[in-house]
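Asks: To convert, take the position in the sequence shown, counting from 1, and add 14; that gives my numbering.
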Amino acid sequence: MEIFDYLNSFKNCCDIDSLKKVSEERNSWPLRKNTSQLWEQLNLLPSLSFTPSFDSTGPDIKIGKKDDLSGDQYNELLEQSKNLIPWKKGPFNLFGIKIDGEWRSDFKWNRIEKALGSLKGRRILDIGCNNGYFIFKMMEHNPEMVLGLDPVVRCLLQFKLIQSFTNFPNTFFELWGVEHVKHFKNFFDDIFYMGIIYHHKNPIEQLTTIREALKPGGRVIFETIGIPGEAPYALFPEDRYAKMRNIWFIPTVSCSVNWLKKAKFKNVEVISSSELNFDEQRNTDWCPPPHQTLKDFLNPKDITKTIEGHPAPIRFCIIAEK
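As C-alpha cells, then:
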C-alpha cells in the first residue's frame, strides 16, 4: 500500500499534505545505523502460504501454533523476536513463542473493555500505541480501522513483526506523536490516549486537540498515572518522578475530570482506578535487567512512595464524549 492510501478518501477530515511531510522525514528513521539491520531482517521472517489462526480473546495475542512452522522458520522467528528486546507490552504468543513483555497489558484491557461497548465499524486512533497490543485486541470487535501512533522505531518493528502474520487490512502504524493529531478534524469515533499526558507540558491543549479530532459524539479513552487524593490538583515535580525526567503534571482523578471538562468534553465517567502492582509491571525474559521497572521506581522501604519520596502512582481511566 502506498503511503496514505488508507487516508486519501478522507481528505476533508485530514491535512494530508502536512502528514506527508512528517512521514517523509520519519519514515527514514528505521534506516538509521542503530536500527537498519533490524529493519532489513524483517524481510527474512518466515513466509507462509496460508494465514495462521488468530485469537485475541485470552490474555495473550495468539497467532498460529508451533506446528505451522518448520524448525528453521521457528528458530528464525525466535531470533528476530529476541533481537527486538525489550518488549514493553504483551503478552503475545507467536507460533508457540511466548513473549511476556514488561507490562501485562491485558490487565489494563480487562479494566476498560466492558465500558467500551462494541467497537464494530468504528474509526479508532491509539496514541502512543507501543507495539500495537491494544490494536490487535480491538480486532475481535471488527472496527472500520485502527491507526496507531508511536515515534519509537523499535515499537514499529515489533508491530511489523506481529502484523506480518495477520490478515488485517484495517490496522496501521505511523511514527507520529500526539502533536500530529491536530491534522485530523472530526475524523475518529474513539481515541485511546493512555499513558501519555504526563509526558507533556500542556494537558488542556492536548485534550482540546483530541476533541477536535473526534467526530461529534466520539469518545476519548483517557488513561494515566496519577496520585491519590480527593482534591482536584496535580503534582508538579521539580525534577524526576519515579526516575522519569520527561514528566510534568501527575494529576488526581478529580483533577483529570476537570481537565476533560475544561476541554469541553461531556459525560465524563471514571471507569477504573487502581494501584500499580508488581504483577502488572515487572522484569521478564523479554524485558530483562538492566531495563528498570516498577520495583526500581519505588522506595524499597515504603512502596507508597517513589524513590524520590513522592506519592507512588495509581492508574485510572476516564471515558468522555465530544
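Note that the Cβ used here is the ideal one computed from N, Cα and C, for glycine as well. None of these values were measured; they are calculated from a predicted model.
1) Tell me which same chain residues have a C-beta within less than 6 Å of the C-beta of Ser-119, skipping the five on either side of it?
2) To the nearest whole angstrom, what separates the beta carbons of Leu-221 and Trp-262, a pair I think is in contact under 8 Å?
3) Enumerate in chain order the residues of its own chain whose CB-to-CB distance from Arg-137 is below 6 Å, with the five nearest sequence positions on each side excluded.
4) Reducing DSSP to helix, strand and coil, say where Glu-283 ends up.
5) In terms of residue numbering, what span does the beta strand (DSSP E) encompassing Phe-330 cover?
6) Which stretch, first to last residue, makes up the alpha helix (DSSP H) that contains Val-36?
7) For Pro-242, which residues in the same chain have their Cβ closer than 8 Å to its Cβ, ignoring the five residues on either side in sequence?
8) DSSP on Asn-156, reduced to helix/strand/coil?
9) Just checking, does the region 215 to 229 make contact with the region 36 to 48 on the three C-beta pairs under 8 Å criterion?
10) Considering Cα atoms alone, identify which of Gly-191, Glu-322, Tyr-212 and Val-234 is closest to Asp-253.
11) Tell me whether Pro-303 is buried or exposed, calling it buried when 16 or more other Cβ atoms sit within 10 Å of its Cβ.
12) For Phe-311, which residues of its own chain have a beta-carbon under 7 Å away from its beta-carbon, when the five flanking residues on both sides are left out?
13) Could you name the residues that DSSP lists as bridge partners for Pro-265?
14) Closest to Tyr-20 by C-alpha separation, out of Gln-87, Leu-52, Tyr-247 and Glu-188, would be which residue?
15) List the endpoints of the continuous alpha helix (DSSP H) containing Arg-125.
16) Hey, Ile-239 and Met-208 are a contact pair by Cβ (cut 8 Å); roughly how many whole angstroms apart?
17) From Cys-331 to Asp-86, what distance separates their C-alpha atoms?
18) From Lys-280 to Phe-18, what does the alpha carbon distance come to, in whole angstroms?
19) Taking a contact to mean a Cβ-Cβ separation below 8 Å, would you say Gly-78 touches Phe-150 in this structure?
20) Considering only the alpha carbon of each residue, which of His-305, Glu-90 and Ile-211 lies closest to Ile-264?
21) Could you have a look at Met-15 and say whether DSSP puts it in helix, strand or coil?
22) Quick one: using the 10 Å Cβ neighbour count with 16 as the cut-off for buried, is Pro-105 buried or exposed?
Replies: According to the structure shown:
1) Lys-103 and Tyr-147
2) Incorrect: roughly 14 Å between the Cβ atoms, too far for contact.
3) Glu-158, Met-159, Phe-202 and Asp-203
4) strand
5) 328 to 335
6) 30 to 40
7) Thr-266, Pro-325 and Ile-328
8) coil
9) no
10) Glu-322
11) exposed
12) Ala-256, Lys-257, Thr-320 and Ile-321
13) Ala-248
14) Glu-188
15) 119 to 130
16) Wrong, their Cβ atoms sit about 10 Å apart, outside the cutoff.
17) 43 Å
18) 32 Å
19) no
20) Ile-211
21) Caution applies to Met-15, whose pLDDT of 45 falls short of 50 and renders its modelled position unreliable; the model cannot decide the point.
22) buried
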